[in-house]
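Everything in the sequence shown is counted per UniProt numbering, starting at 1 for the first residue and increasing by one.
Ideal Cβ placement from N, Cα and C applies to all residues, glycine included.
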Amino acid sequence: MRTLEGAQINAQEQGFKGLKYPWESAVSGQEVCPSDFYGKQEIHINGDVALAFRHYLYLTQDLDIFKDGGASEVVWGIADYWVSRVTWNLEDQYYHIKGVMPPDEYNKNVDNSVYTNTVAKYSLQFAVDLAQLLQHPAPPEWQEIANKLKIPFDPELKYHPEFDGYKKGSEVKQADAILVGFPLGFPMSPEVRRNDLEFYEAVTDPLGPAMTWSMFAVGWLELGESEKAEGHLKKCFKNIQGPFQVWSESADGSGAVNFLTGMGGFLQAVLFGYSGFRVQKDCLTFSPSIPKELSKLSLKGISYLGNKLDWVMDRQLVSVVVRKQTKDHGSEQTCPLEIVLQSSGERIVLNPGQTVTFPWQPGKIQKQSTTSYCWPL
């Protein structure tokens with residue numbers, strides 16, 4: 001939010017409206033990436049910023065930051081950028097985003113990157129939802145483009161091509177199309193998810209950036225393929241360089257040093273992969289698993305709707321306790337929580353200080369059905 005003016009300048013300098021967040025940022029928010037095409041083409045960063053704000057709202061229900069803190073200006077400014085960036089295609093009757101670099105940096109100036117278009121679609125939809133929430137008028141083109149933005153898909157091979165014209169089997173630098181499954185959560189069948197993972201697993205540069213294999217690990221855990229997931233997770237350790245155990249961008253030690261993106265990917269594989277946590281609008285879903293070499297996995301201090309939860313998994317059971325209830329963020333709601341188990345539908349109330357235990361199975365954490373409706377919609 002502090003760099004909003006710089007993002008506006010970036011958009012204007014490239015001939016677009018709204019906000020264009022930089023690939024490499026000065027303190028002002030203006031683009032300082034030394035390679036021009038990264039700053040101009042790797043525009044999925046805009047959707048990534050909007051995704052962070054969306055997750056923040058779902059996890060806290062803090063509206064103050066959107067009403068008074070300027071976050072709504074960020075979300076709506078990003079939506080305005082997408083409106084000015086798309087073009088309408090008469091032939092297929094979809095909106096296209098042309099001339100981009102996807103997360104896979106071996107390709108540039110491509111059309112309709114599946115990741116870029118999907119994250120743009122979601123940021124436009126969030127702008128509409130936020131406007132409704134704040135009773136603010138939303139330009140109709142936000143919803144129009146969100147509904148009709150092209151998401152590349154091959155119906156015969158049942159997978160997501162990385163971009164228009166991607167030749168199946170071509171080498172890619174890093175995780176890209178598989179990110180549509182996580183973190184974006186784009187709906188797809190298990191068959192399509194598996195195909196995406198298998199197709200791109202075979203062609204991803206083994207010396208690619210460190211965050212790549214953790215995202216494959218998360219994907220395989222979604223499908224219950226724990227051995228494949230562990231194999232990919234172990235690849236991440238090749239990017240940790242001695243003698244001080246510093247993360248490098250590439251497994252051979254080249255690229256950026258103290259590579260935060262790789263560290264973040266590894267942490268996400270643990271937090272979102274083995275817990276199965278997924279941030280939804282009205283709940284936090286889970287699907288537990290632990291690596292075969294561990295007897296127990298603990299995740300402590302998970303913040304959700306004003307609650308701090310400790311989450312412990314062993315080989316058969318999951319134990320959860322609300323350690324404390326606290327309002328950490330502005331108008332964040334502090335809502336009593338419950339667990340709903342998927343197979344049985346059993347509801348387990350989470351009272352502060354009381355540990356509850358249940359057998360491994362998917363489920364969700366949500367506000368107690370017996371309390372008043374906290375979600376402000």
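| Once you ignore the five residues that flank W88 on each side, which residues in its own chain have a CB closer than 7 angstroms to its CB? | Against the sequence shown, residue 88 aligns to sequence position 88. Same-chain partners within the cutoff: Y95.
| When you compare only the Cα positions, how much space is there between Q125 and V270? | Taking the sequence shown and counting its residues from 1, one reaches residue 125 at position 125. Taking the sequence shown and counting its residues from 1, one reaches residue 270 at position 270. Cα to Cα, the separation comes out at about 29 angstroms.
| Cβ-Cβ separation, Y21 to residue 379 (assumed contact under 8 angstroms), whole Å | No information on residue 379 is available, as it lies outside the stretch 1 to 377 that the chain covers here.
| said: With distance defined between alpha-carbon atoms, name the residue in G353, L294, R85 nearest to V320. | reply: As a working mapping, residue 320 is identified with position 320 in the sequence shown. It is G353.
| Neighbourhood of S369 by C-beta distance below 8 angstroms, restricted to the same chain and skipping five residues each side | Here the question's residue 369 lines up with position 369 in the sequence shown. Excluding residues within five positions, the ones whose Cβ falls inside 8 angstroms are E338, R347.
| field | Boundaries (first-last residue) of the alpha helix (DSSP H) holding L124 | value | If you number the sequence shown from 1, residue 124 lands on position 124. Its alpha helix (DSSP H) spans residues 114-133.
| field | Residues near D196 in its chain [Cβ-Cβ closer than 7 angstroms; skip 5 each side] | value | Here the question's residue 196 lines up with position 196 in the sequence shown. Counting only Cβ-Cβ distances below 7 angstroms, and skipping sequence neighbours, we find Y159, H160, A177, I178, G181.
| said: Strictly by DSSP, which residues pair up with P359? | reply: Residue mapping note: residue 359 aligns to position 359 of the sequence shown, counting from 1. The partner list for P359 (beta bridge, DSSP) reads L317.
| request: Classify F199 as helix, strand or coil using the three-state DSSP reduction. | output: The residue you call residue 199 lines up with position 199 of the sequence shown. Reduced to three states, the DSSP call for F199 is helix.
| task | Assign Q241 to one of three DSSP states: helix, strand, or coil. | result | Numbered from its first residue, the sequence shown carries residue 241 at position 241. Three-state DSSP puts Q241 in a strand.
| query | DSSP puts L207 in a beta bridge; with which residues? | reply | Taking the sequence shown and counting its residues from 1, one reaches residue 207 at position 207. The partner list for L207 (beta bridge, DSSP) is empty, contrary to what the question assumes.
| request: Quick one: give me the first and last residue of the alpha helix (DSSP H) that K228 is part of. | output: By 1-based counting over the sequence shown, the position of residue 228 is 228. Start and end: 226-235.
| Do P291 and M313 have their C-beta atoms within less than 8 angstroms of each other? | One-based indexing of the sequence shown puts residue 291 at position 291. One-based indexing of the sequence shown puts residue 313 at position 313. Taking 8 angstroms as the Cβ cut-off, P291 and M313 do not qualify as a contacting pair.
| query | Using the C-alpha atoms, what's the distance from W220 back to P155? | reply | In the sequence shown, residue 155 corresponds to position 155, counting from 1. In the sequence shown, residue 220 corresponds to position 220, counting from 1. Rounded to whole angstroms, P155 to W220 spans 22 angstroms at the Cα level.
| said: Nearest by alpha-carbon distance to L233: which of E293, M188, S254, R193 is it? | reply: On the sequence shown, residue 233 is found 233 positions in, with the first residue counted as 1. Selected option, being the one with the closest Cα: E293.
| Helix, strand or coil at I339 [DSSP, three-state] | Residue numbering aside, residue 339 sits at position 339 when the sequence shown is read from its first letter. I339: strand per DSSP, three-state reduction.
| query | Can you tell me where the alpha helix (DSSP H) with I78 in it begins and where it stops? | reply | The residue given as residue 78 occupies position 78 in the sequence shown. In the DSSP assignment, I78 falls within the unbroken alpha helix (DSSP H) covering 71-85.
| task | Mark S123 as exposed unless 16 or more other C-beta atoms lie within 10 angstroms of its C-beta, in which case mark it buried. | result | One-based indexing of the sequence shown puts residue 123 at position 123. Counting Cβ neighbours within 10 Å, S123 comes out buried, since at least 16 surround it.
| said: What does the alpha-carbon distance come out to for the pair G264 and Q245? | reply: Residue numbering aside, residue 264 sits at position 264 when the sequence shown is read from its first letter. Residue numbering aside, residue 245 sits at position 245 when the sequence shown is read from its first letter. Looking at the two C-alpha atoms, the distance is approximately 15 angstroms.
| task | Report the rounded CA-to-CA distance for E162 versus K148, giving the unit in angstroms. | result | Mapped onto the sequence shown, residue 162 falls at position 162. Mapped onto the sequence shown, residue 148 falls at position 148. E162 and K148: Cα-Cα distance of roughly 18 angstroms.
| task | Closer than 8 angstroms by C-beta to W23: which residues in its own chain qualify, once you throw out the five before and the five after it? Chain order, please. | result | The residue labelled residue 23 in the question sits at position 23 within the sequence shown. Excluding sequence neighbours, W23 sits near E31, C33, Y38, G39, E42, I45.
| message | Let's test the definition: count the other Cβ atoms within 10 Å of the Cβ of T355 and tell me whether it reaches 16, buried, or not, exposed. | response | For the purposes of this step, residue 355 is identified with residue 355 of the sequence shown, where counting begins at 1. Exposed, by the Cβ-count rule.
| C-alpha gap between G77 and G18, whole angstroms | Taking the sequence shown and counting its residues from 1, one reaches residue 77 at position 77. Taking the sequence shown and counting its residues from 1, one reaches residue 18 at position 18. Approximately 4 angstroms between the Cα atoms of the pair.
| field | Cα-Cα separation, A127 to R193 | value | For the purposes of this step, residue 127 is taken as the residue at position 127 of the sequence shown. For the purposes of this step, residue 193 is taken as the residue at position 193 of the sequence shown. Approximately 27 angstroms, taken between the alpha carbons.
| Do you know whose CA, among P209, V86, L134, M215, lies nearest N239's CA? | Position 239 of the sequence shown holds residue 239. Answer by Cα proximity: P209.
| field | Own chain, CB closer than 6 angstroms to K364, minus 5 neighbours either side, in chain order | value | Translated into the one-based positions of the sequence shown, residue 364 becomes position 364. Excluding residues within five positions, the ones whose Cβ falls inside 6 angstroms are C283, T285, V340.
| Where does R85 land, buried or exposed, given buried means 16+ other C-beta within 10 angstroms? | Taking the first residue of the sequence shown as 1, we reach residue 85 at position 85. Label assigned to R85: buried.
| Candidates Q174, A26, E227: closest to L204 by CA position | If you number the sequence shown from 1, residue 204 lands on position 204. What sits at residue 204 in the sequence shown is Thr, not Leu. Answer by Cα proximity: Q174.
| field | Span of the beta strand (DSSP E) around residue 379 | value | In the structure as shown, the chain starts at 1 and stops at 377, and residue 379 therefore has no counterpart that could be examined.
| field | Terminal residues of the beta strand (DSSP E) in which residue 438 lies | value | The requested residue 438 does not occur in the structure, where the chain is confined to residues 1 to 377.
| field | V119 vs G47 beta-carbon contact at 8 angstroms | value | As a position in the sequence shown, residue 119 is number 119, starting the count at 1. As a position in the sequence shown, residue 47 is number 47, starting the count at 1. Yes, the pair counts as a contact, with Cβ atoms nearer than the cut-off.
| said: Residues in the same chain with beta-carbon distance under 6 angstroms from G29, minus the five sequence neighbours each way, listed in chain order, please. | reply: Indexing the sequence shown from 1 puts residue 29 at position 29. Same-chain partners within the cutoff: T3, G6, A7.
| Cβ neighbour criterion (16 or more within 10 Å) applied to E198 | For the purposes of this step, residue 198 is taken as the residue at position 198 of the sequence shown. E198 should be labelled exposed.
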